[in-house]
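Q:
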Amino acid sequence: MSTPATGRRRPKVLLNTAAALFCLTWIFPVYWMINTAFKPYGDILRPTPHFLPIPFSLANFRDAVSKPGFLTDLGNSVLLTCAVVLLAVAVAFFAAVGLTRFRFAGRRAYLIAVLVLQMVPLPALVIPVFLSLKSAHLLNSLAGLALTYVAVVLPFTIWTLRGFLQGIPVELEEAAMVDGAGRLTVVRLVLLPLMAPGIIATSVFAFITAWNDYLFADVLMKDQGHQTLPVWLVSFSTATGTDYGGLIAAATLSALPVVVFFMVIQRRLVAGMTAGAVKD
Numbered sequence: 003m004s005t006p007a008t009g010r011r012r013p014k015v016l017l018n019t020a021a022a023l024f025c026l027t028w029i030f031p032v033y034w035m036i037n038t039a040f041k042p043y044g045d046i047l048r049p050t051p052h053f054l055p056i057p058f059s060l061a062n063f064r065d066a067v068s069k070p071g072f073l074t075d076l077g078n079s080v081l082l083t084c085a086v087v088l089l090a091v092a093v094a095f096f097a098a099v100g101l102t103r104f105r106f107a108g109r110r111a112y113l114i115a116v117l118v119l120q121m122v123p124l125p126a127l128v129i130p131v132f133l134s135l136k137s138a139h140l141l142n143s144l145a146g147l148a149l150t151y152v153a154v155v156l157p158f159t160i161w162t163l164r165g166f167l168q169g170i171p172v173e174l175e176e177a178a179m180v181d182g183a184g185r186l187t188v189v190r191l192v193l194l195p196l197m198a199p200g201i202i203a204t205s206v207f208a209f210i211t212a213w214n215d216y217l218f219a220d221v222l223m224k225d226q227g228h229q230t231l232p233v234w235l236v237s238f239s240t241a242t243g244t245d246y247g248g249l250i251a252a253a254t255l256s257a258l259p260v261v262v263f264f265m266v267i268q269r270r271l272v273a274g275m276t277a278g279a280v281k282d
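Position one of the sequence shown corresponds to residue 3 (the numbering used here), numbered consecutively onward.
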């Protein structure tokens, strides 16, 4: 005979079990990538899978880091991603402040345009972006690629930071201004600390977009000295075949900065995404 307490626990157990199964399903490809990266090349192609990398080998990682262009493309990706995150978050922050704290003609039309731009598929933007950068003499330059990524992530970052800023009472800013603080001081001492979770959430989106993009980097950057890590990963597939061991090890190395960045800021990420939900 079941008790009321047992009846209440049953849905919770089912939900926890479903969540655990979902997490295992999601994390298994990541585990398999890491597992494969440490296998000798002969074990990778075996028809019978081995769920542990025995014997353990670092040969794939040595092959990956010794491949031409690794350090150059890694440096390009780091520089590009840092520039995109800083510029996109800064522009989005001040745009969100303007949209939330000021009333001006065309404000609602601008917000609608931001949403519409977010819905445009990226492949549809390749040709217009290519022609625009060509006319501005920014093709095959990290500056041109950085501006492209900033334009891509701005709709999301502006909308998210706007929603987050709407949850901050304007009275806090007015009280600081009554005490003699200027507008920039209010932004630095009041808005920035309160909006830190939202800024972190949007910076994660900008980071992942700039770090993982292949489409724009491949089309806009033809000079090998200006290419990024996603383009470098393609070099493991040639006309003679694919170096699966090196490719998977390189993909593992490429994913590490994203994982490290996420682990550093993950405490604030959920709060920022929740607080930045759409409000009007």
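Think of the CB as a built atom: it goes at the ideal place given N, C-alpha and C, for glycine as much as any other residue. Values in this document were obtained by computation on a predicted structure and should not be read as measured data.
#1: Is the number of C-beta pairs between the stretch 141 to 153 and the stretch 85 to 94 that are closer than 8 Å three or more?
#2: Roughly how many angstroms lie between the CA atoms of residue 175 and residue 181, to the nearest whole one?
#3: Using C-beta distances below 6 Å, list every residue in its chain close to residue 43, excluding the 5 sequence neighbours before and after it, in chain order.
#4: Check whether the Cβ atoms of residue 94 and residue 204 sit closer than 8 Å, and answer yes or no.
#5: My output table needs one value for residue 227: the three-state DSSP class, helix, strand or coil.
#6: From the DSSP output, which residues share a beta bridge with residue 244?
#7: With a threshold of 8 Å on Cβ separation, who are the neighbours of residue 255 within its own chain once the five nearest residues in sequence on each side are excluded?
#8: Tell me the DSSP secondary structure of residue 165 in three-state form.
#9: With a threshold of 8 Å on Cβ separation, who are the neighbours of residue 197 within its own chain once the five nearest residues in sequence on each side are excluded?
#10: Taking the continuous alpha helix (DSSP H) assigned at residue 205, which residues delimit it?
#11: Please report the Cβ distance between residue 249 and residue 238, rounded to the nearest whole angstrom; I am assuming they are in contact, meaning their Cβ atoms lie under 8 Å.
#12: Given a cut-off of 8 Å, decide if residue 222 and residue 132 are closer than it, judged by their beta-carbon atoms.
#13: Output the distance between the C-alpha atoms of residue 276 and residue 37, rounded to the nearest integer angstrom.
#14: What do you reckon, are the CB atoms on residue 128 and residue 24 nearer than 8 Å?
#15: Given this structure, state the Cα-to-Cα distance separating residue 178 from residue 226, to the nearest angstrom.
#16: Between the alpha carbons of residue 193 and residue 89, how many angstroms are there, rounded?
#17: Output the boundary residues of the alpha helix (DSSP H) element that contains residue 50.
#18: Can you tell me which of 143, 156 and 147 puts its alpha carbon nearest to the alpha carbon of residue 117?
#19: Using the C-alpha atoms, what's the distance from residue 207 back to residue 161?
#20: For residue 259, name the three-state secondary structure that DSSP assigns.
#21: With H, G and I counted as helix, E and B as strand and the rest as coil, what does DSSP make of residue 181?
#22: Does residue 133 come out as helix, strand or coil in the three-state DSSP assignment?
#23: Is residue 47 buried or exposed, if buried means 16 or more other CB atoms sit within 10 Å of its CB?
#24: If I follow the unbroken alpha helix (DSSP H) through residue 96, where does it start and stop?
#25: Of all the options 266, 251 and 126, which has the alpha carbon lying nearest to the alpha carbon of residue 60?
#26: Mind checking whether residue 135 and residue 144 have CB atoms under 8 Å apart?
#27: Quick check: the Cα distance between residue 190 and residue 105, rounded to an integer number of angstroms?
A: Result, derived from the coordinates:
#1: yes
#2: Translated into the one-based positions of the sequence shown, residue 175 becomes position 173. Translated into the one-based positions of the sequence shown, residue 181 becomes position 179. Whole-angstrom Cα-Cα distance: 10 Å.
#3: Residue numbering aside, residue 43 sits at position 41 when the sequence shown is read from its first letter. The answer, listed in chain order, is 247.
#4: Here residue 94 is taken as the residue at index 92 of the sequence shown, counted from 1. Here residue 204 is taken as the residue at index 202 of the sequence shown, counted from 1. In this structure, residue 204 lies closer than 8 Å to residue 94 by Cβ.
#5: Indexing the sequence shown from 1 puts residue 227 at position 225. Correct three-state label for residue 227: helix.
#6: Position 242 of the sequence shown, counted from the start, is the residue given in the question as residue 244. Its beta-bridge partners are 239.
#7: By 1-based counting over the sequence shown, the position of residue 255 is 253. These residues qualify, in order along the chain: 63, 66 and 67.
#8: Locating residue 165 in the sequence shown gives position 163, where the first residue counts as 1. Residue 165 falls in the helix class under three-state DSSP.
#9: As a position in the sequence shown, residue 197 is number 195, starting the count at 1. Correct list, in chain order: 95, 163, 166, 167 and 170.
#10: The residue given as residue 205 occupies position 203 in the sequence shown. Counting along the chain, the alpha helix (DSSP H) containing residue 205 begins and ends at 198 to 214.
#11: Position 247 of the sequence shown, counting from 1, holds the residue named residue 249. Position 236 of the sequence shown, counting from 1, holds the residue named residue 238. Residue 249 to residue 238, Cβ: 4 Å. Contact.
#12: As a working note, residue 132 is residue 130 in the sequence shown. As a working note, residue 222 is residue 220 in the sequence shown. Closer than 8 Å, so yes.
#13: Position 274 of the sequence shown, counting from 1, holds the residue named residue 276. Position 35 of the sequence shown, counting from 1, holds the residue named residue 37. With a pLDDT of only 47 at residue 276, under the threshold of 50, the placement of this residue in the model should not be trusted, and no figure is reported.
#14: For this step, residue 128 is matched to residue 126 along the sequence shown. For this step, residue 24 is matched to residue 22 along the sequence shown. No; because the gap between Cβ atoms is not below 8 Å, this pair is not in contact.
#15: Stepping through the sequence shown from its first residue, residue 178 is reached at position 176. Stepping through the sequence shown from its first residue, residue 226 is reached at position 224. Using only the alpha carbons, I get a separation of about 52 Å.
#16: Residue mapping note: residue 193 aligns to position 191 of the sequence shown, counting from 1. Residue mapping note: residue 89 aligns to position 87 of the sequence shown, counting from 1. Taking the straight line from one Cα to the other gives about 18 Å.
#17: On the sequence shown, position 48 is the one that residue 50 refers to. Here residue 50 belongs to no alpha helix (DSSP H), and DSSP marks it neither H nor E.
#18: As a first step, residue 117 is located in the sequence shown; it is residue number 115 there, counting from the start. Ranking the options by Cα distance to residue 117, first place goes to 156.
#19: Walking along the sequence shown from the start, residue 161 turns up at place 159. Walking along the sequence shown from the start, residue 207 turns up at place 205. Approximately 13 Å, taken between the alpha carbons.
#20: By 1-based counting over the sequence shown, the position of residue 259 is 257. The answer is helix: DSSP assigns residue 259 an H, G or I state.
#21: Here residue 181 is taken as the residue at index 179 of the sequence shown, counted from 1. Residue 181 falls in the coil class under three-state DSSP.
#22: Here residue 133 is taken as the residue at index 131 of the sequence shown, counted from 1. Residue 133 falls in the helix class under three-state DSSP.
#23: The residue labelled residue 47 in the question sits at position 45 within the sequence shown. It is exposed - the Cβ of residue 47 has fewer than 16 other Cβ atoms within 10 Å.
#24: Taking the first residue of the sequence shown as 1, we reach residue 96 at position 94. Unbroken alpha helix (DSSP H) run through residue 96: 72 to 103.
#25: Counting from one through the sequence shown, the residue named residue 60 turns up at place 58. The residue with the shortest Cα to Cα distance from residue 60 is 251.
#26: Here residue 135 is taken as the residue at index 133 of the sequence shown, counted from 1. Here residue 144 is taken as the residue at index 142 of the sequence shown, counted from 1. Taking 8 Å as the Cβ cut-off, residue 135 and residue 144 do not qualify as a contacting pair.
#27: As a working mapping, residue 190 is identified with position 188 in the sequence shown. As a working mapping, residue 105 is identified with position 103 in the sequence shown. Distance between the alpha carbons of residue 190 and residue 105 is about 22 Å.
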